[in-house]
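Student: For the first sequence, position 60 matches number 90 in our numbering, and the numbering has no gaps at all.
Attaching a single structure in structure tokens format; questions to follow.
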Amino acid sequence: MKQRAIVWFRRDFRLADNPALRAAVDGDFDGIIPVFIHAPDEEGDWAPGGAQRVWQHESLAALADALEAIGSRLVIRRGPTQSTLDDLIDESGAGAVFWNRLYEPGLVRRDADIESHLADAYPELDVRHFQADLLHEPWTVETQSGKPYKVFTPFWKTISERSIRQPKARPSQLPEVWSRIGSCDLDDLGLRPAKEWTAKILERWTPGEDGAQARLETFLEDTVDNYDNDRDRPAVHGTSYLSPHLHWGEISPFQVMHRAEEWLSEQSGGAIHEHIQSFQSEIGWREFSRHVLYHFPETPDEPLDARFKAFPWEAPDAAFDDWKAGMTGIPMVDAGMRELYATGYMHNRLRMTVASFLTKNLRIAWQHGERWFWDTLFDADLGNNTLGWQWAAGCGADAAPFFRIFNPARQGERFDKNGEYVRRWVPELAELSNKHLQEPWNAPDKALEAAGVVLGKTYPKPVVDLKASRREALEAFEQVKN
DNA sequence: TTTTGAGTTGTTCGA
DNA sequence: GTCGAACAACTCAAA
């Protein structure tokens, strides 16, 4: 007798290149039940933050639409996951449960518990899970001495030499879901707060599988040919903007890598090859972040370099609030922080700049910044966020040497030459000339007056002296060096 | 086991 | 204005 299969969607909100779904389709079941189970508390301290949830809502809605378009239906339930799966199995008489693997420490534990529970409770059940979110799973990559990699370059070199599978076909039709299998309403999950900024945030983005595919095509057609240069310029749309799509699994790294290769093979000319390679290595960083997180599961909370546990951090104070609000009086920092709060996104160049400023100039522990990013970024991702903050603080894998302290004004001069980005997000300085825009505290009174700027009134004075705080950070690092 | 080369993204200073 | 060196050693990964 044919049986039904449950496909448990978790963070793989796509129909194409979805191995769990593909296995159900190929398995000749007479029913396939796609289900999403809402159980954020099972992710512990690192349940999706506010901005992530907005995206999650939209992405689930897109997935539900896509399933309906091919004859199926997304079943939405509330957790706990274990009992919910039990209920679904009992209600449907399912003989199989399939899902795609994830690699965050909390989810690895949770999924292992579920798997062993299902094996105990339903000995006949066909339980399978698949590789879908990573090109190379963390336990398949190790150094010659059998240890996890801590340096990106050799890690990427090793996995780049391996082949990756072809993306799996998108099902063109799915069996109808038995009407007796009930679902709750997506709106009842409370993922999308009824706030004005939700709509504003979503202006620039199209969550969902179709949006992800379109984004990749736009990037390849319009942007990648100057990726190496433009990706560092925050005023320019020089990056792929794929991060939230990848985070929610609306597109897989297999699809991205193959499409990039395919696109490259259609081009002529030499330089484009370099740009594509740079782009692909960013996918490599995504792999690396999960590799490090999997092998060092404490790193969202603890520095990988244990010496930094003794670092003399300052307690988060009023300056921390200024940082969050984009009111530090340092134009580049404020521009980045305001972009983040207004749009749920921040250009990578600014992520580094504001992280360096928080950890080195304000000397506030990276965990505080990490938590703020977690709640405000659309694309907040435990692996990337952890790696990024520890890198900036100098305590993580492949971390910047501690003396590499960004000067936000220099960053502005280098990467926002015309001040376009700063003027966009810090309009109260818009009338200042480029010469003074990045360091208004050094501008002559005359220039400030002409631009209508009154420091301390229309725009804050700097919360910290860049030069002195840089020196103090270097001294503080001396203390933990050995 | 020992050695060797190298390590995402910077800034400042002085010639 | 441009350029190279100094900034500090340490750890990683492979030979």
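Beta carbons are placed, not taken as given, at the ideal position from N, Cα and C, and that holds for glycine.
Using DSSP's beta-bridge definition, name the partner residues of Phe338.
Tutor: According to DSSP, Phe338 bridges with nothing at all.
Student: Work out the CA separation of Arg200 and Glu369 for me, nearest whole Å.
Tutor: Their Cα atoms are separated by approximately 36 Å.
Student: Measure the alpha-carbon distance for Trp396 versus Pro153 and round it to whole angstroms.
Tutor: Straight-line Cα distance between these residues: approximately 46 Å.
Student: In angstroms, rounded to a whole number, what distance separates the CA positions of Asp120 and Ala81?
Tutor: Spanning the two alpha carbons is a distance of roughly 35 Å.
Student: Is the CB-CB distance between Pro197 and Phe284 below 8 Å?
Tutor: In this structure, Phe284 lies closer than 8 Å to Pro197 by Cβ.
Student: Measuring alpha carbon to alpha carbon, tell me which of Leu216, Thr383, Leu51 ends up nearest Phe436.
Tutor: Of the listed residues, the one whose Cα sits closest to Phe436 is Thr383.
Student: On a CA-only basis, which of Asn414, Gly424, Thr329 is nearest Lys390? Give me that one, please.
Tutor: Nearest of Asn414, Gly424, Thr329 to Lys390, Cα basis: Gly424.
Student: Taking one C-beta from the stretch 291 to 302 and one from the stretch 468 to 479 each time, how about it: are there three or more such pairs within less than 8 Å?
Tutor: No contact exists between the stretch 291 to 302 and the stretch 468 to 479.
Student: From Gly300 to Arg320, what does the alpha carbon distance come to, in whole angstroms?
Tutor: Cα to Cα, Gly300 sits roughly 32 Å from Arg320.
Student: Below 8 Å between beta carbons: does that hold for Glu317 and His166?
Tutor: A contact, by the Cβ cut-off of 8 Å.
Student: Run through DSSP, which three-state label would Arg83 get?
Tutor: Arg83 falls in the helix class under three-state DSSP.
Student: Out of Phe59, Leu380, His275, Pro78, state which residue places its alpha-carbon closest to the alpha-carbon of Asp163.
Tutor: Out of Phe59, Leu380, His275, Pro78, His275 has the C-alpha closest to the C-alpha of Asp163.
Student: Could you tell me whether the Cβ atoms of Glu461 and Gly442 are closer together than 8 Å?
Tutor: Not closer than 8 Å, so no.
Student: So, are the CB atoms of Asp258 and Ser308 less than 8 Å apart?
Tutor: Yes.
Student: Taking DSSP's pairing of strands, which residues face Val65 in a bridge?
Tutor: Its beta-bridge partners are Trp38, Val105.
Student: So Val510 and Phe341 are supposed to be a Cβ contact under 8 Å. How far apart are they, rounded?
Tutor: Confirmed, about 5 Å.
Student: Please name the residue in Leu392, His466, Trp315, Val127 whose C-alpha comes closest to that of Leu496.
Tutor: Answer by Cα proximity: Leu392.
Student: Taking three-plus beta-carbon pairs below 8 Å as touching, is the stretch 265 to 275 in contact with the stretch 246 to 254?
Tutor: In short, these stretches touch, since the Cβ pair count reaches three.
Student: Could you give the distance in angstroms between the alpha-carbon of Ala94 and the alpha-carbon of Ile100?
Tutor: Using only the alpha carbons, I get a separation of about 10 Å.
Student: Assuming Ala125 is part of the beta strand (DSSP E), what are its boundary residues?
Tutor: Note that residue 125 corresponds to Gly in the displayed sequence, not to Ala. Taken as a continuous stretch (DSSP letters only), the beta strand (DSSP E) holding Gly125 covers 124 to 130.
Student: Helix, strand or coil for Ile189, going by three-state DSSP, please let me know.
Tutor: Helix, per DSSP.
Student: Which residue comes first and which comes last in the beta strand (DSSP E) that contains His159?
Tutor: Its beta strand (DSSP E) spans residues 156 to 160.
Student: Apply the 10 Å Cβ neighbour rule to Glu239 and answer buried if 16 or more other Cβ atoms are within range, or exposed otherwise.
Tutor: Glu239 is buried by the Cβ-count criterion.
Student: Taking 8 Å as the threshold, find out whether the stretch 121 to 134 comes into contact with the stretch 36 to 46 through three or more Cβ pairs.
Tutor: Touching, yes.
Student: Restricting to Cα atoms, I'd like to know which of Trp76, Pro64, Gly79 is closest to Glu98.
Tutor: Answer by Cα proximity: Pro64.
Student: Can you find at least 3 beta carbon pairs, one from the stretch 413 to 427 and one from the stretch 358 to 372, that sit closer than 8 Å?
Tutor: Cβ pair count under 8 Å is below three, so no.
Student: Pick out whichever of Asp347, Asp331, Arg500, Leu118 has its Cα sitting closest to the Cα of Gly413.
Tutor: Nearest of Asp347, Asp331, Arg500, Leu118 to Gly413, Cα basis: Asp331.
Student: One question on the structure: do Pro361 and Leu467 come within less than 8 Å of each other, judged by their Cβ atoms?
Tutor: For Pro361 and Leu467, yes; Cβs fall inside 8 Å.
Student: Once you ignore the five residues that flank Ser499 on each side, which residues in its own chain have a CB closer than 6 Å to its CB?
Tutor: So the qualifying residues of the chain are Asn391.
Student: Output needed for Pro492: all residues of its chain with C-beta closer than 8 Å, excluding positions within five of it in sequence on either side, in chain order.
Tutor: Excluding residues within five positions, the ones whose Cβ falls inside 8 Å are Thr358, Gly359, Ile360, Trp471.
Student: Report, in whole angstroms, the separation of the C-beta atoms of Pro327 and Pro135, which I expect to be a contact under 8 Å.
Tutor: About 4 Å separates the two Cβ atoms, so the contact holds.
Student: Looking at the structure shown, is Glu450 part of a helix, part of a strand, or coil, going by DSSP?
Tutor: Reduced to three states, the DSSP call for Glu450 is helix.
Student: For Tyr489, which three-state DSSP category applies?
Tutor: In the structure shown, Tyr489 sits in a strand (DSSP, three-state: E or B).
Student: Since Ile394 sits in a beta bridge, which residues does DSSP pair it with?
Tutor: BP columns for Ile394 point to Glu344.
Student: Given a threshold of 16 other Cβ atoms within 10 Å of its Cβ, counted over all protein chains shown, does Leu250 qualify as buried or as exposed?
Tutor: With 16 or more other Cβ atoms within 10 Å, it is buried.
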